[in-house]
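I have placed the structure first, in the form of structure tokens, so that the comments after it can refer back to it.
In my numbering, the protein residues as written are 29 to 237.
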């Protein structure tokens, strides 16, 4: 009887592993399909998109802190300081996160190409945020299959899929990535008093604000 029970338990475990592997493949296929059908676009929404992105061309192309030439391309309805500078009340955290994609795109010397690269990188951050969601669920002893299923539901059942592929120029995918990373590292290192922990958490939180 004991042998039968162990045999059945082993069979159930194998079935669960096969199901987990199948789901993983399906998840990868869905992500791959989304990546393929994603059409990179140079379109940039104002004010949010250009507000967060503007730090990069202003610093690397204009080499100053004057946002007016860039903002004038989209609107004239902007706040001006008494010294004639445009007020950019958007934080620079998203621009810092987009920096690797922007630097790579600079070889093409085209702002449209730069925006395409940044948009695509922003989409990837939206997907990568699910990795930290998955890892966080595992911290609570959630079964791998269930954790992957929840991660998929979060992606497809929340605005994350919309902001990842329709308007990635907004900072929401960056926020999703940083918040999920912050939650994971905070929980996984809970109780530690190392300086590195606080530096990492502070860095993530700083970029997210």
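Glycine residues also receive a C-beta, built at the ideal position from the N, C-alpha and C atoms.
These numbers were taken from a predicted model, which means no experiment stands behind them.
Q) Per DSSP, what kind of secondary structure is residue 194 in: helix, strand or coil? A) coil
Q: Kindly give me the distance between the Cβ atoms of residue 118 and residue 96, rounded to whole angstroms, as I take these residues to be in contact under 8 Å.
A: Their Cβ separation, rounded to whole angstroms, is 15 Å, which puts residue 118 and residue 96 out of contact at 8 Å.
**Q.** Beta-carbon proximity of residue 172 to residue 48, cut-off 7 Å
**A.** In this structure, residue 172 places its C-beta atom within 7 Å of the C-beta atom of residue 48.
Q) Hey, residue 160 and residue 212: beta-carbon distance below 7 Å or not? A) yes
Q) Is it right to say residue 164 is buried, meaning 16 or more other beta carbons lie within 10 angstroms of its own, or is it exposed? A) buried
(Q) I'd like to check one pair, residue 232 with residue 210: are the Cβ atoms closer than 7 Å? (A) In contact: residue 210 and residue 232 (Cβ atoms closer than 7 Å).
Q) Counting Cβ pairs closer than 8 Å, one from the segment 192 to 207 and one from the segment 120 to 134, do we hit at least three? A) Yes: at least three Cβ pairs fall under 8 Å.
Q) Are residue 78 and residue 93 close, meaning C-beta to C-beta below 7 Å? A) no
(Q) Per the DSSP calculation, residue 114 is bridged to which residue(s)? (A) 108
Q: Please name the residue in 133, 158, 167, 152 whose C-alpha comes closest to that of residue 186.
A: When 133, 158, 167, 152 are compared, the shortest CA-CA separation from residue 186 is found for 158.
Q) How would you call residue 130, buried or exposed, if buried means at least 16 neighbouring beta carbons within 10 angstroms? A) buried
Q: Check residue 89 in the structure and name its three-state DSSP category.
A: helix
Q: May I have the straight-line CA-CA distance separating residue 167 from residue 139, to the nearest angstrom?
A: Each residue's Cα considered, the two are about 42 Å apart.
Q: Could you spell out the range, first to last residue, of the alpha helix (DSSP H) harbouring residue 120?
A: For residue 120, there is no enclosing alpha helix (DSSP H), as DSSP marks it with neither H nor E.
**Q.** Delimiting residues of the alpha helix (DSSP H) encompassing residue 97
**A.** 96 to 99
Q. Hey, would you say residue 188 sits closer than 7 Å to residue 234, going by beta carbons?
A. no
Q.
With H, G and I counted as helix, E and B as strand and the rest as coil, what does DSSP make of residue 219?
A. coil
Q.
Considering just the uninterrupted stretch of the alpha helix (DSSP H) at residue 176, what are its terminal residues?
A. 172 to 185
Q. What do you get for residue 219, buried or exposed, if any count of 16 or more other CB atoms within 10 angstroms of its CB means buried?
A. exposed
Q | CA nearest to the CA of residue 198, picked from 207, 146, 222 | A | 146
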